[in-house]
Amino acid sequence: MNKIYAFLIIIPLIAVLFFKTLTFYEYDTKQRYVKNTVDSVAHKVMITGVMTVSDREELLEKLGRLGTFRANNISIKCGTIEPDGTVGRLGSYALGSVLDRGEIFSIYVESENESIFSKTEVNSHNEENKLHYRAKATCRVEKNSSED
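With the UniProt record's numbering, the residue at position 53 of the sequence shown is 53, and numbering never jumps.
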């Protein structure tokens, strides 16, 4: 009788826990890659002071390997630092425009598709509770003013 309990209860429980572990690993790995990719773009802008259309296309290509990312899923903003050191109001950034030294550059991406981990864990049909791959990076432009 004990073998039957082990077969009917413990083995399926181990299988469910294993599946949940795999889905969390998949979500965590992809989320880290998305964040690393966005950080790389922000670092490039920090050094050069500009994000071009080809940079955005390259970003979309890299992110496209992980999920459904479109150009409208990317929010690019720029702004200035206030005299007290806080970030001022951020406005939209036109691709190809050159930022001055000390300006703020911010990029935010969010996938259209929901992660597998979210589908297994979140039981609500509420859109706000779903886990999408998202990342945000903010930097201060550090290029020399003589490099225009």
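Note that beta-carbon positions come from the ideal geometry of N, C-alpha and C, so glycine has one too.
All values derive from a computational prediction rather than experimental measurement.
Alpha-carbon to alpha-carbon, residue j and residue i
| i | j | result |
| --- | --- | --- |
| Lys136 | Asp84 | 23 Å |
| Tyr27 | Tyr33 | 10 Å |
| Ile76 | Glu112 | 17 Å |
| Tyr93 | Thr29 | 30 Å |
| Glu110 | Tyr5 | 45 Å |
| Leu59 | Tyr25 | 23 Å |
| Gly67 | Lys3 | 43 Å |
| His43 | Ile116 | 30 Å |
| Leu22 | Arg65 | 19 Å |
| Thr120 | Glu82 | 44 Å |
| Arg56 | Val16 | 40 Å |
| Tyr108 | Ile11 | 42 Å |
| Asp39 | Phe19 | 30 Å |
| Glu61 | Ala71 | 11 Å |
| Ile9 | Thr86 | 56 Å |
Close beta carbons around residue i, own chain, < 7 Å, minus the five adjacent residues each side
| i | result |
| --- | --- |
| Thr80 | Gly88, Glu103, Ile104 |
| Val53 | Leu95, Gly96 |
| Phe7 | none |
6 Å Cβ shell around residue i - same chain, five flanking residues per side excluded
| i | result |
| --- | --- |
| Val50 | Val98 |
| Gln31 | Tyr133 |
| Lys35 | Ala135 |
| Asp148 | For Asp148, the pLDDT reaches just 46, beneath the cut-off of 50, and the residue's location in the model is therefore unreliable, although a value from the coordinates is still provided. Counting only Cβ-Cβ distances below 6 Å, and skipping sequence neighbours, we find nothing. |
| Val45 | Met51, Phe105 |
| Cys139 | Ala42, Met46, Phe105 |
Local Cβ density within 10 Å of residue i, reported as buried at 16 or more and exposed below that
| i | result |
| --- | --- |
| Val41 | buried |
| Ile14 | exposed |
| Leu63 | buried |
| Thr37 | buried |
| Phe69 | buried |
Cutoff 8 Å; reference residue i; Cβ partners in own chain excluding five residues on either side
| i | result |
| --- | --- |
| Leu90 | Lys77, Cys78, Gly79, Ile104, Ser106 |
| Asn73 | Val109, Glu110, Ser111, Glu112 |
Worksheet entry | 4-residue-minimum alpha helix (DSSP H) runs that sit fully inside the region 25 to 71, ordered along the chain | Within the region 25 to 71, the complete alpha helix (DSSP H) segments of 4 residues or longer fall at 53 to 64, listed in chain order.
Item to complete: Go through the region 92 to 142 residue by residue and report every complete run of the alpha helix (DSSP H) that reaches 4 residues or more, in order.
Response: Entirely contained in the region 92 to 142, the alpha helix (DSSP H) runs reaching 4 residues are, in chain order, 116 to 121.
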